[in-house]
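The block underneath contains the structure these notes are about, expressed in structure tokens.
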Amino acid sequence: MTVSRRDFVAAVGATAVAGVLPTRGFAQSGPIKLGSILDNSGNLDIYGKPMVLATQLAVEELNAAGGLLGRKIQLIQYDSQSDIAFYTKFAQQLARQDKVHVVHGGITSASREAIRPTFTRSNTLYFYNVLYEGGVCDRNTVCTGTTPAQANEPLVEVGMKRWGPKVYIIAADYNYGQITAKWLAHYVEQRKGTVAKTDFFPLSIADFGSTIAKIQQERPDFVISALVGGAHMSFYRQWAASGMNKRIPLASTTFGVGNEHLALSPAEGDGILIVGNYSQEAPTAANQAFLGAFGKRFGDTKIVHEIAVSQYQGIKLWAECVKKAGSLNRSAMLKAIESGPRIEAPSGAVVLEAKTHHCALDIYVMEVRGQKLTIKDTYKQRPPSDTAQYCDLIKNPKENRQFEVKI
Amino acid sequence: MSGVLETLDLTMRFGGVQALERVNFTLQERELRCLIGPNGAGKSTFFKCITGQYRLGHDNGRVFIRGTEVTGASTLEIVRLGVGVKTQVPAVMNGMTVHENLWLAARRLHGWAGSNGVVDEVIAELQLDALARRLVGELAHGQRQMVEVGVVLVQRPWLVLLDEPAAGMTGPEVERLAGVIRRINQSASLIVVDHDMEFVRMLGSSVTVFHQGSVLVEGPATKVLNDPRVREVYIGNRVAA
Amino acid sequence: MNAWRATGSMQWGWFLLALALLVLLPLGFDTHTMSLLLIWALFAMSLGLMWGYAGLLSFGHAAWFGLGAYTYAIAAMNIGESTVPLLLAILVPAAGAAIVGAMMFYGRISDVYMGVITLVVTLILFNFMSATAGDAYRIGDARLGGFNGIPGFPILNVPGMPELSLFGAPMYYVCVAALLGCYLLSRWLLARSFGRILVGIRENEARCELMGYNVPACKTLVFAISAAMAGLAGCLFANWAEIVTPSVFSLRQTAEVIIWVLVGGLGTLLGPVLGAMALGAVKLYLGEQTVIDNSLVLGLLLIFVVLGMRRGALPTLLGWWDSRRRRRSPEQGARRRLGPSAERTA
Amino acid sequence: MDYAGVVALEILYMIAFLALISAGLAIVFGMMRVINLAHGEFVMLGGYTTIACVKAGVDVYVAMLVIAPLVVGVLGLVVERLIIRWLYGRIIDTMLATWGLSLLLIGLVTLLFGTSAVSVPAPIPGYQLGDYQMGGYNLFIIGITVLLMIAMWAVLRFTRAGLIARGAMQGPDVIAALGYDPNKVYMITFTVGAALSGLAGGVLAPLTGLLPSAGAAYIAKAFITVITGGVAVIVGTLSSAVTFGVINQLVSFASTPVIGEIAMLALAIVLLRLMPQGITGRFFRGGT
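Chains as they are written, first to last, in this note's numbering: chain L, 1 to 407; chain V, 1001 to 1241; chain Y, 2001 to 2346; chain C, 3001 to 3288.
Dropping the structure here:
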């Protein structure tokens, strides 16, 4: 909507200062440029650091295998320092100065929404490789992480079957948490369960004493947590310290993504139910190879978490599209993306859906045992059905928005 | 109400200490009055009460300046009546020159353009010419006191309240100050708080002696300074200190 | 009266040189990055005005920056055309600061206590904005969005012509104009009596009161003016980033601007501008590498500046320059030293 | 009825928490007029020390009560010698230098320990209060805080060191008048303040997931508690900790922890407006 007139003004500005703005065009030879913006420092680096390493690994592997289309891949990596301003800044830099061919980056939804318009405007292909609240519908963007429909429904199903129908939801207070909580409530009610109460916590809250007391007052059959970030770690600690882990079972959509299971002792963490796209114990050959390579390159594999793997898979999926397209030409790439590419990745098969630019993924039902995420059950190839309800990029290729799922 | 400054039953108490006890005081037009007394006698408290540095409530008595009740008024309100105040601790802008200090004080009344003339006059009057472009922070304590007197003077007040203006001054400076104060007195009423007897004698004014929060004696300097009660409280205190 | 140099005289030669540089810069540099540096510079200058001249240090200047950004985003969502939102983004922070300032200054709150209150105001805004992710938090058409903030609002346009958005190079010139405009406004204010009274307040508040100046009113006024400039910077930042999030209210934002001003030098207007641009550039540069942890470098830099250059970069350099000149003409050198007595006291 | 007990205990815990994280900062501020913005990182380092020791097989109580204060105390000593002592009397400069220090420490800890959250399990099991399961470790924290406050009070009241310390609160001249070297007194004060921060970090470690950036969560709260309390170290800290703890928890229970925190912050503004020199400046100093 606003895109066209901005282009117009940019063009006016460009003529005004005689060719100041870079004109767009790819070098036909030389390396293929892959841009990445991630929080390698600051308070989100717990997520960002392993993603940065996974990015490096993926690019090195591609280069070791001879690159793509006979060209090497050059990684241009920026540290956004957990600061939204840097996302915007580096996005502009990637799109205008570095003129990268693709960007894999962004962690929080806020960071994605800060940079996505820039790439859409400059026609720079963008991959967002993090589990999120769903709904992004933009032909220029590919999302390879899970959405609520993929991970939350199994979580509710397994949880209610195991423990009972009364659920207490606690979630991070931003749009991921808010929307996830709506989905959770939707799935609970679909199964004739009840949500005792839903509480939201801003990312800075670290004291959960009053919340734990309130949960006990409600006496739910189990608690679902969609808490995010370092401060929210305290919830699991305080939960265990009060002995609640022995009384009310806990399930989570996010636990483990920030390596929370490593911070809890086995006695405290054991039994927490998680549903997600990745466990280090995933029984795939690609996973063995990935962990081996990661360990060899960076030493410790303990820090590998779901979204680091998502980032790795996103890059591999993009590489597959490049191979299929046989060119970096935009229309060829879009055609390749919309031809249903599939890779065998560490978390299982990843299949890109043309309609939504989201992926069908294998979903694992996991339980924390001895600081590991042990797999209890697997749902093969769950589609991103929530986003698919609204988004059809084949029918409406001009669509560019994030649908807010209404339940 | 005939006096330029009058207090009615001025009373102040800090915790258990009675700092002022029903002080009734009158300063006539064109009068020069020195307030003396040993440390803790209440003269500084009295000074702070009449300059609004202590905000007065209902039970503190009343203060009038030229018939206007200023009980509970702020320093700002009192100053804006045309009262010039110099506090005990030198309050000058150390980072600014002498001229700048005076200019800033003059500007409010004499405007941007008119200020320079007034400032030059006062600088000449106080014989500060040599120091005019120096930073106040670089000056000796006594010189800073003189600058502050200048800051009061450029405001052309009709009532001047000075708290220990001679402290830290050299002999010649004290004499010059005494001359200045007498000249001010030709156009304004003054209250000078000091405990330097020599200086008070030099001014030759009427004197009010404070003791234990009340007025002990009042009268012409020569008479009061020879009063045995005054000598007693004064010397007794000196010895104790 | 050359001793009022710090507040008064304006060095037109330098000014014109800077102006020419800023206008021509886009020919060689990336305007997008330069815009950000100018926005930060404006933000730092707004703090430098009240801290350097009136001696008022706020630990929560980000409150006004963020309020400007949010006001613009919310108003632009509802109105569309950007002129009114821009004005609101200046007026709302100014009004907010006038209220908070009056509360503090008429209540005789100063020093570190003023620091706490300003900090707390910022924390409240940060906490509140972070907790507005729910559907219920909306103002007209604008959803506050909590941690994710407000994306997708209309950006600045040529006044009266909502179709002509200012983007890229035009946006850069808007930033140049804003910075220069605020700089000239500040210079003008400082050259008037008001500026001299502010310096007087910084030097000795009690004396200013005894001179018959209304100190709380002056402080409140300069606080509001400074907040208005910070709000303008915040509004430009919102347009630059095309998203506002609660991080505009963060402790980090608030601390960084203090450092920029300090490193650049207190008691000048140009110092904070240069400090913000230099440190901003360092930050951006550090973001382009993943070898050294950025916090480490910034921390060392800060400690070094505080221990090594007591008065900040610009005054230190000026002082050095003077001491060289003074060897030749002693009288002139003494003058310069004035640049507001460089002791930093809260 | 049980629920009232739960609320009361949570309030007590919050008061203890605030007093504990503020104690080190309060001592340094009260005696030296230095605001240490690296305080949060000192607390964080106390936590990391404790966790590292426990992982190395040291008994958890020894780690948090002995080693953490020692390590952070020594760090405080080094910092005082290298940075702070050049900056006495320049309150803003000290704040900035310590802010730089806080960034530096975050960077160093990130290098040393990585960015994953670490923690130790609470050494005390939960207990039953009526129908409610409560954290036993919270009681331990309350107890430690009470002991700490009593100890601080006793030291200030009855010992020579306390006498010097009370002198120090009046200003450096008084120390000199008492015949001591202000430099040395300040050095020791800062070291003790740092050690207390380390103790707080160690004791709180089992209740949080520790990250290099964890200090930020402590510094703002400690800063507000200390300044609102005013210059009297113990009475000030306690009075504001009690005020804020009660408000924060009552509002948290009535609505959400966010509103609780906002209520606490708003109260800080009101308190400072009414008592510009902090609570103790108003009630315990007399006069204006």
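Where is the CB? At the ideal position from N, CA and C, for every residue including glycine. If you're wondering where the values come from, they're calculated on a predicted model, not measured in any experiment.
For the 7 angstroms CB-CB criterion, threonine 3208 (chain C) and arginine 237 (chain L) form a contact. The beta-carbon separation of glycine 134 (chain L) and proline 148 (chain L), rounded to 6 angstroms, stays under the 8 angstroms limit for a contact. Nearest to threonine 3189 (chain C) by C-alpha distance, out of C:Met3014, C:Arg3033 and C:Ala3019, is C:Arg3033.
In the structure shown, the three-state DSSP call for glycine 295 (chain L) is helix. Counting only Cβ-Cβ distances below 8 angstroms, glycine 2152 (chain Y) has no contacts in chain V at all, with the closest Cβ about 50 angstroms away. In terms of beta-carbon proximity, glutamate 306 (chain L) stays away from the interface with chain C, with every pair separated by 7 angstroms or more. Counting C-beta pairs with one atom in each stretch, the stretch 2162–2169 of chain Y and the stretch 1051–1059 of chain V have fewer than three that are closer than 8 angstroms, which means they do not touch.
If the five residues before and after glycine 3076 (chain C) are omitted, its C-beta is found closer than 6 angstroms to the C-beta atoms of Phe3190, Thr3191 and Ala3194, all from its own chain and listed in chain order.
The DSSP-derived three-state label of methionine 2161 (chain Y) is strand.
Counting C-beta pairs closer than 8 angstroms gives fewer than three between the stretch 99–107 of chain L and the stretch 280–295 of chain L, which falls short of the contact rule. Using a Cβ-Cβ cut-off of 7 angstroms, alanine 196 (chain L) does not count as an interface residue toward chain Y, since no Cβ of chain Y sits closer than that to its own. Rounded to the nearest angstrom, the Cβ distance from tryptophan 3086 (chain C) to leucine 2302 (chain Y) is 14 angstroms, too far for a contact under 8 angstroms. Residue ranges of uninterrupted beta strand (DSSP E) with 3 or more members are absent from the stretch 3073–3110 of chain C; none lies entirely inside it. Taking 8 angstroms as the upper bound for CB-CB distance, leucine 3139 (chain C) and glycine 3005 (chain C) are not in contact here, some 12 angstroms apart.
Taking C-beta separations shorter than 6 angstroms and ignoring five residues to either side along the sequence, the partners of methionine 3152 (chain C) in its chain run Ile3234, following chain order. Shortest Cα-Cα distance from glutamine 216 (chain L) to any of L:Val158, L:Lys166 and L:Glu153 involves L:Lys166.
Chain L has a Cβ within less than 7 angstroms of the Cβ of glycine 3209 (chain C). The beta carbon of isoleucine 179 (chain L) is closer than 8 angstroms to those of Glu133, Gly134, Gly135, Pro148, Glu404 and Val405 in its chain, skipping five residues each way along the sequence. With fewer than 16 other beta carbons inside 10 angstroms of its own, asparagine 1039 (chain V) counts as exposed. When DSSP states are grouped into helix, strand and coil, arginine 1201 (chain V) belongs to the helix group. Across the stretch 74–103 of chain L, CB contacts with chain Y closer than 9 angstroms involve Ile76, Gln77, Tyr78, Asp79, Ser80, Gln81, Ser82, Asp83, Ile84, Ala85, Phe86, Tyr87, Thr88, Lys89, Phe90, Gln92, Gln93, Arg96 and Gln97, in sequence order along the chain. Taking the Cα positions, leucine 2296 (chain Y) is about 16 angstroms away from leucine 3211 (chain C). For asparagine 175 (chain L), the nearest CB of chain Y lies under 7 angstroms from its own CB, placing it at the interface with that chain. Each of C:Val3072, C:Met3169 and C:Cys3053 was checked against the Cα of alanine 3063 (chain C), and the nearest Cα belongs to C:Cys3053. With the criterion set as a beta carbon lying under 7 angstroms from some beta carbon of chain C, the members of the stretch 2125–2153 of chain Y are Asn2127, Phe2128 and Ala2131, in sequence order. Note on the stretch 2077–2141 of chain Y: whole alpha helix (DSSP H) runs with a minimum of 4 residues are 2083–2106 and 2111–2130, in chain order. Counting only unbroken stretches of 4 or more residues, the alpha helix (DSSP H) elements lying wholly within the stretch 3107–3192 of chain C are 3136–3158, 3160–3170 and 3172–3177, in sequence order. Setting aside the 5 residues that flank it on each side, tryptophan 2040 (chain Y) is surrounded in the same chain by Ala2276 and Gly2280, each with a C-beta closer than 6 angstroms to its C-beta; the list follows chain order. Residue range 32–38 is occupied by the beta strand (DSSP E) that includes lysine 33 (chain L), with no alpha helix (DSSP H) assigned at that position. Contact between tryptophan 239 (chain L) and isoleucine 205 (chain L) does not hold, since their C-beta atoms are separated by about 14 angstroms, which reaches or exceeds 8 angstroms.
Excluding residues up to 5 positions away in sequence, Ala2073, Ala2076 and Met2077 lie with their Cβ nearer than 6 angstroms to the Cβ of phenylalanine 2153 (chain Y) in the same chain.
The C-alpha of serine 82 (chain L) is placed about 17 angstroms away from the C-alpha of isoleucine 2150 (chain Y). With contacts defined by Cβ atoms closer than 7 angstroms, lysine 49 (chain L) and asparagine 63 (chain L) do not form a contacting pair. Taken in chain order, the complete alpha helix (DSSP H) segments of 4 or more residues contained in the stretch 2251–2323 of chain Y are 2251–2264, 2270–2286 and 2294–2308. Taking 7 angstroms as the cut-off, the Cβ atoms of serine 252 (chain L) and tyrosine 176 (chain L) do not count as close. In the DSSP assignment, glycine 67 (chain L) is bridged to no other residue.
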